[in-house]
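Taking it in order: structure first as structure tokens, then the write-up.
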Amino acid sequence: MTVQVDLRACPGLPLGDDSAPVFAAPWMAQAFAMALQLHQRGLFTWPEWAAALSAQISAAQASGDADLGDTYYQHWLAALEALVAAKGAAQAGELQRCAAAWDHAADRTPHGQPIVLQPADWDAA
10 MTVQVDLRAC PGLPLGDDSA PVFAAPWMAQ AFAMALQLHQ RGLFTWPEWA AALSAQISAA
70 QASGDADLGD TYYQHWLAAL EALVAAKGAA QAGELQRCAA AWDHAADRTP HGQPIVLQPA
130 DWDAA
């Protein structure tokens, strides 16, 4: 089943000349894909997603985000984490633990190499 989404509903989404999303790093494309997958699986509606993203961007701007375009996918990821927790698909603490494990793994991974989680990364989280 293919679910169509209106990307124009996402405030500030960086789009290329072909109206496709533009990603500066692989994690941005992965966060984008996770949001689409969770929407397609019915965790949230697209209007719910757009509202969550808009609220995250507004909160960041109110906190001083200069909105230069370089933080867009950080807002995307924060909105996704908040919506996943609000919908009960994962607890906020578990999301934080996963982020800490990834940070630990990234810290020990040489630049340009794939990040691979190891049991010690979870212990440090």
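In terms of my numbering, the sequence shown has 118 at position 109, counting the first letter as 1, and numbering is strictly consecutive. Every residue, glycine too, gets a C-beta built ideally from N, C-alpha and C. Since the structure is predicted, the reported quantities are computational estimates derived from the model, not experimental observations.
- In terms of CA proximity to residue 91, 105 leads the group 80, 79, 105, 81.
- Within the model, the alpha-carbon separation for residue 119 versus residue 130 is close to 15 Å.
- Residue 46 and residue 73 have their C-alpha atoms some 31 Å from each other.
- Counting along the chain, residue 115 sits inside the alpha helix (DSSP H) bounded by residues 101-117.
- By the Cβ test, the segment 73-90 is in contact with the segment 38-57, since at least three Cβ pairs between them sit closer than 8 Å.
- Classified as exposed, residue 125 has fewer than 16 neighbouring CB atoms from the shown chains inside 10 Å of its CB.
- If you check the CB distance, residue 79 and residue 70 do not come in under 8 Å.
- Between residue 31 and residue 56, the alpha-carbon positions lie close to 21 Å from each other.
- Between the C-alpha atoms of residue 122 and residue 133 there is a straight-line separation of about 21 Å.
- Relative to the Cα of residue 112, the nearest Cα in the group 98, 99, 127 belongs to 127.
- With fewer than 16 other CB atoms across the displayed protein chains lying within 10 angstroms of its CB, residue 100 is exposed.
- Per the C-alpha coordinates, the member of 22, 102, 93, 109 positioned closest to residue 50 is 93.
- In the DSSP assignment, residue 63 falls within the alpha helix (DSSP H) that extends over 55-71.
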